[in-house]
Structure formats: structure tokens, C-alpha cells
Amino acid sequence: MRLKVLAGIALMSYSLQSVAALDTKADKLSYSLGAILAEQLKQFESINADALSQGIKDTLENKPLALDKQEMFKLIETARQEQLTDEAKKNLEKGQAFLKENAKKPGINTLESGLQYKVIKNGQGVKPQENSEVTVNYEGRLLDNKVFDSSYNRNQPATFKLNQVIKGWTEGLKQMSEGSVWELYIPADLAYGPGGIPGRIGPNEMLTFKVELLSVKKDSLGKEEKKK
């Protein structure tokens, strides 16, 4: 969350308090900004609407603020960090519970690292090494089954060095032969960890990928693999 953006939205949304109907463009803009602010503030569990309104009112009317700005930013940052810590804990627990149950299903293989995979199709080509360049199609999903990234949707396979992606991908694709299609179930510590990707992947979220290994660049392989 960008706190500066939220602060700006909060200041601009105050004018809605005295609006009975959304008759003007300014009324509608104010309402829209207020709705967006409220949606973003839902992540905080303890929001006092009256105190929030008072802060907006005091600022818009150039009144002295009840707290100094340094204290306010510290409070907001502390609340944000507490919220992220709580979210990370919950996501980690959900992911661990899913993987525990998933491991019991037919066709699921679990590696020592905790990475799980299911073979949809086994290819007959070479296996990539850690520094190999590979081309893949993939679809990534969160635990709630929401797609957060897909080369299929872009109609464009992805090419990258295997040692330049998340650990779960590096480990998983090294097990695959060219032409294979697997599902990878990646624990948080082999994905993006507590940092996540803001706006796309939450802290400590486990990820599921369907991965199709289209090709392995031959000059990125060791001599033994090239002979196969």
C-alpha cells in the first residue's frame, strides 16, 4: 500500500460528508475517492470512522492536528507492518495445511525441500541444468485458485535462465525432461517468501504452477546432457 496515495485520497474524500446526492462531477469524484479509500483501509482491523473523518476535516480546514506528523506516520507504518506480519502468518499456515493434504493425493510427489509436483505429461528430451536457458509456457495460481500470471494468456512463451527464477522453479524444472508438462506446488520459502510481490502475491503465499517445458537451449547444457 502506498501511504502517500492513501493520505491524498483521504484528504480529497472529505467533501462527500455534506453531499446528499451525487449531482455534480465533483460530488461523484469525491464519492469515488472515498469508496477507494475505504476499500484500501479494510486491511486494517481497527479503523475508527469518526476519528478518520476528524483527521480529514482538520486537515481540509487547516486546523491544528491532534498528533504531529512524525507520530502519525510512525503509527501508520507500525500498523502496516503488524498487518503484514499477521497476513504472512495466516498465509504460511494455510499453505502448510494445503501441502500436507495435497501430499496424500494420488500422483503427488514430494521432494526433500517440500516442493511437490504432479506429472501431467512426461517428455523425452533432455533435462535442464541450473544455468540452462529454457523456454516454457506456464500458468501461476494462488491458493484461492486465482490466476496471477500466465504466458498462455499473453500468447507468448517465456525464456529465462533457470538460476534466475524462484527456487521452486529451479528445483522443479531440473527434474523435468524437455516436452514435459507438470504441476508444481511451491511452498512459500521456495517462492517469494514473506516479501511476496505487492499487489499480486501476498506475504508467505504458496503458489501452484502448470509448467510446460518447451525447449532447453543446447549450448547451455553440460557435455553429458548434450549427448543425449
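Each number in this note's numbering comes from the position in the sequence shown (counting from 1) with 1 added on. For each residue, glycine too, the CB sits at the ideal point set by N, CA and C.
May I ask you to report which of helix, strand or coil DSSP gives residue i?
i, result
"T25", "coil"
"R155", "helix"
"G9", "Because G9 sits at a pLDDT of 44, beneath the cut-off of 50, its placement in the model cannot be relied upon, and the point is left open."
"D59", "helix"
"Y186", "strand"
"I37", "helix"
"D150", "strand"
"G194", "helix"
"D220", "helix"
Between which two residues does the beta strand (DSSP E) holding residue i run?
i, result
"Q89", "Rather than Gln, the amino acid found at residue 89 in this sequence is Ala. Not the beta strand (DSSP E): A89 falls in the alpha helix (DSSP H), residues 70-103."
"K211", "208-217"
"K122", "117-122"
"G141", "134-142"
"Q109", "Here the sequence assigns Ile to residue 109, which means Gln is not the residue at that position. 109-111 is the span of the beta strand (DSSP E), which, as asked, contains I109."
Between the Cα of residue i and those of the options, spot the shortest distance and give me the residue it belongs to.
i, options, result
"S152", "K211, K162, L30", "K211"
"N164", "N156, N123, K175", "K175"
"I121", "E184, L68, K75, K64", "E184"
"L214", "P199, E140, I48, N154", "E140"
"N132", "D145, Q157, D150, F161", "F161"
"A50", "K64, E62, P199, G35", "G35"
"I187", "N154, Y32, K101, I77", "K101"
"I48", "E62, I77, D69, N63", "I77"
"M73", "T86, N63, E62, G56", "G56"
"G108", "A98, K119, Q157", "K119"
Our contact map puts residue i next to residue j with C-beta atoms below 8 Å; I'd like the distance itself, whole angstroms only.
i, j, result
"K219", "S178", "That belief does not hold up - the Cβ atoms of K219 and S178 are roughly 14 Å apart, past 8 Å."
"G203", "N92", "5 Å"
"A104", "V137", "Wrong, their Cβ atoms sit about 25 Å apart, outside the cutoff."
"E172", "S114", "6 Å"
"L143", "L208", "7 Å"
"V182", "G126", "Going by Cβ atoms, the distance from V182 to G126 rounds to 12 Å, so no, they are not a contact pair."
"L38", "K29", "Between K29 and L38 the Cβ distance is about 15 Å, and since that is not below 8 Å, they are no contact."
Assuming contact is defined by CB atoms lying nearer than 9 Å, are residue i and residue j in contact in what I supplied?
i, j, result
"A80", "P195", "no"
"A189", "G96", "yes"
"F45", "Q71", "no"
"L1", "L53", "Within the shown structure, residues of the chain are numbered from 2 to 229, placing residue 1 beyond reach of any answer."
"R201", "D150", "yes"
"N154", "V148", "yes"
If you follow the alpha helix (DSSP H) that residue i is part of, which residue opens it and which one closes it?
i, result
"G173", "168-175"
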